[in-house]
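Engineer:
In my numbering, the protein residues as written are 6 to 117.
Quick look at the structure:
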């Protein structure tokens, strides 16, 4: 259980950093970051696998690059649900998903 909470906190920090880097992403405070991180984790665990399965032919056709669009879509969905978290536009969502993934990976690398 401690590992799950630790991962949640790391993702919240990564989301805060991503919001500072990407101009089209706004995050208002730590509570919004924690809430968005929690809901993003739930969305990625339950909805994302179904969307990836349904778009598998397109994902194969683009050699996996469509996954970034899906990740951006998940980020945009979460921004519509969480107060204080806003993703403005398609490209902000896609680039934000890429940066979020990179920042989260770097944080995990240095803390493990």
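All C-beta atoms, glycine included, are put in the ideal place defined by N, C-alpha and C. None of the values given here were measured: they were computed from a predicted structure.
What residue does the beta strand (DSSP E) around residue 32 start on, and which one ends it?
Structural biologist: Taking the first residue of the chain shown as 1, we reach residue 32 at position 27. Segment 30-32, the beta strand (DSSP E) holding residue 32.
Engineer: Out of 80, 107 and 87, which has the shortest C-alpha to C-alpha gap to residue 94?
Structural biologist: Reading the chain shown from its first residue, position 89 is the one you call residue 94. Answer by Cα proximity: 80.
Engineer: Check each candidate in 16, 53 and 85 and name the one with the smallest Cα separation from residue 35.
Structural biologist: Against the chain shown, residue 35 aligns to sequence position 30. Closest option to residue 35, Cα to Cα, is 16.
Engineer: Output the boundary residues of the beta strand (DSSP E) element that contains residue 92.
Structural biologist: For this step, residue 92 is matched to residue 87 along the chain shown. Residue 92 -> beta strand (DSSP E) spans 90-92.
Engineer: In its own chain, which residues sit with a C-beta less than 7 Å from the C-beta of residue 49, not counting the 5 before and 5 after it?
Structural biologist: In the chain shown, the residue the question calls residue 49 occupies position 44. Once the five neighbours on either side are set aside, the close Cβ partners of residue 49 are 79.
Engineer: List in chain order: all unbroken alpha helix (DSSP H) runs of 4+ residues lying wholly within the region 51-103.
Structural biologist: With a minimum length of 4 residues, the continuous alpha helix (DSSP H) runs that stay inside the region 51-103 are 53-59, 61-66 and 71-86.
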